[in-house]
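*Asks:*
Numbering (UniProt numbering), first residue to last: 1 to 134.
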């Protein structure tokens, strides 16, 4: 049995979570949280708990299937919690967990950046497309 020094163990642990490595779990998490629906759901829940139907109305264009899948994935990743209240009909509320709240400032900043800089991006796209046109 080989023994590793503490510094070697730390180096190995750091490498395990190097998102530049193809098999890194952090890379898979980055892929999930960079999804547009995740960022929109996170920012929608910033104001507090919401019911499924409220989230669906708030986020234009999301299908019920995609919303359900995204909410389940976010719950599995620990970003939000789902509370079921027995009533007629059954009430289901979603709220950010502390982990989700810690991600919220980053996602809100990306959303704000996109909204603010969209005119510049559109101008850059038009200039690029014009330069490629024959």
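Backbone N, C-alpha and C define an ideal beta-carbon position, used for all residues, glycine too.
Using 8 Å for Cβ pairs, my map puts residue 44 next to residue 33. What's the rounded Cβ distance?
*Replies:* Going by Cβ atoms, the distance from residue 44 to residue 33 rounds to 15 Å, so no, they are not a contact pair.
*Asks:* Could you pull the start and end residues of the alpha helix (DSSP H) that residue 83 belongs to?
*Replies:* Unbroken run through residue 83 is the beta strand (DSSP E), 80-85; no alpha helix (DSSP H).
*Asks:* Got a sec, what are the start and stop residues for the beta strand (DSSP E) residue 4 sits in?
*Replies:* Here residue 4 belongs to no beta strand (DSSP E), and DSSP marks it neither H nor E.
*Asks:* Tell me whether residue 53 is buried or exposed, calling it buried when 16 or more other Cβ atoms sit within 10 Å of its Cβ.
*Replies:* Classification for residue 53: exposed.
*Asks:* Between which two residues does the alpha helix (DSSP H) containing residue 110 stretch?
*Replies:* 98-132 is the extent of the alpha helix (DSSP H) around residue 110.
*Asks:* Looking at the strands, I want to know which residues DSSP matches up with residue 92.
*Replies:* DSSP, once it has assigned bridges, lists 84 as partnering residue 92.
*Asks:* Count the other C-beta atoms from every protein chain shown that fall within 10 angstroms of the C-beta of residue 70, then say buried if there are 16 or more, exposed otherwise.
*Replies:* By the neighbour-count rule (16 or more Cβ atoms within 10 Å), residue 70 is buried.
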